[in-house]
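K.L.:
Numbering (this note's numbering), first residue to last: 48 to 333. All C-beta atoms in this analysis are idealised placements derived from N, C-alpha and C, irrespective of residue type, glycine included.
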């Protein structure tokens with residue numbers, strides 16, 4: 048157990064420490080949650096750090112340590128009686144769903160809650176900390192490479208701050224929702240958002256640019272399916288295979304350059320080889 052910024056926290060690097068932390072927080076029902084990950088050059092997110100605050104104790108879990116099965120914490124949190132408070136939950140839940148098949152816990156998204164309480168645009172975490180806690184948060188590490196080790200004191204402070212102020216923000220936003228009798232409506236919207244994250248594989252940009260009927264377009268479905276299949280197979284970002292903009296441009300012009308049924312096995316093999324070579328070259332210069 049350490050003390051940093053007046054907050055108790057554990058920096059967890061192995062299964063024994065993780066089990067001890069879970070034992071300490073096992074009777075709590077509400078957690079303030081954040082993740083740090085890297086996915087700029089991969090299809091799947093590489094989970095680097097998980098941060099959990101139970102209102103008293105903060106656990107910083109180093110997911111890159113070989114002696115830790117960090118998936119334990121996902122399974123511990125995935126219970127019906129548990130509430131996870133997250134700011135802008137989409138990416139965190141995508142990571143969750145890579146470990147568990149279905150989320151059972153309740154989500155309170157502070158960004159969406161803020162929109163229910165008068166914000167005209169989706170506010171950043173820094174904005175909410177400023178508005179509700181009267182603190183100017185340093186977010187200079189927001190685009191940090193979280194795969195780098197060791198995790199120094201500056202990074203630890205950053206990680207602590209990203210969950211610590213969620214507690215105060217949650218309390219104020221939740222009370223506002225209750226006073227305005229909007230809590231039930233808010234929870235229904237959150238469930239819809241979670242459903243979209245779980246089952247919808249098409250970025251919102253396609254509906255905005257091509258209309259809601261685009262999901263009934265067979266050519267569109269085929270090219271999206273093919274893109275995802277290739278991206279997943281060789282673990283590259285989907286936009287590296289075909290960008291969203293390129294797909295939109297081709298659909299609008301009614302010129303589909305690549306349709307999965309028109310590609311033979313050897314053509315798929317050649318495309319995979321080409322993209323793999325590109326990945327190797329990218330890694331050399333990055």
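Enumerate in chain order the residues of its own chain whose CB-to-CB distance from residue 130 is below 7 Å, with the five nearest sequence positions on each side excluded.
P.N.:
76, 77, 152, 153 and 155
K.L.:
Use the C-beta contact count for residue 65: other C-beta atoms within 10 angstroms, 16 or more gives buried, fewer gives exposed.
P.N.:
buried
K.L.:
Measuring only the C-alpha atoms, how far is residue 258 from residue 167?
P.N.:
The straight-line gap from Cα to Cα measures roughly 24 Å.
K.L.:
Can you find the residues in the same chain that come closer than 6 Å, C-beta to C-beta, to residue 206, ignoring five residues on each side of it along the sequence?
P.N.:
98 and 107
K.L.:
For residue 112, which residues of its own chain have a beta-carbon under 8 Å away from its beta-carbon, when the five flanking residues on both sides are left out?
P.N.:
60 and 61
K.L.:
Could you give the DSSP three-state label for residue 67: helix, strand or coil?
P.N.:
Here residue 67 sits in helix by DSSP.
K.L.:
For residue 157, which three-state DSSP category applies?
P.N.:
helix
K.L.:
Within this structure, are the beta carbons of residue 100 and residue 211 separated by less than 8 Å?
P.N.:
yes
K.L.:
Note down the Cα distance separating residue 308 from residue 266, rounded to an integer number of angstroms.
P.N.:
Here the model assigns residue 308 a pLDDT of 46, short of 50, so the residue's position is not dependable and the matter cannot be decided.
K.L.:
Taking buried to mean at least 16 other C-beta atoms within 10 Å of its own C-beta, is residue 160 buried or exposed?
P.N.:
buried
K.L.:
Can you tell me where the alpha helix (DSSP H) holding residue 179 begins and where it ends?
P.N.:
172-180
K.L.:
For residue 88 and residue 288, what's the separation of their Cα atoms in angstroms?
P.N.:
When rounded, the distance between both Cα atoms is 12 Å.
K.L.:
For residue 294, count the other beta carbons within 10 Å of its own beta carbon; 16 or more makes it buried, fewer makes it exposed. Which is it?
P.N.:
buried
K.L.:
Taking the alpha-carbon of residue 105 as reference, which of 123, 116 and 81 has the nearest alpha-carbon?
P.N.:
Scanning 123, 116 and 81 for the CA closest to the CA of residue 105 turns up 81.
K.L.:
Once you ignore the five residues that flank residue 126 on each side, which residues in its own chain have a CB closer than 7 Å to its CB?
P.N.:
151 and 152
K.L.:
Taking Cβ to Cβ, would you say residue 85 is nearer than 8 Å to residue 93?
P.N.:
yes
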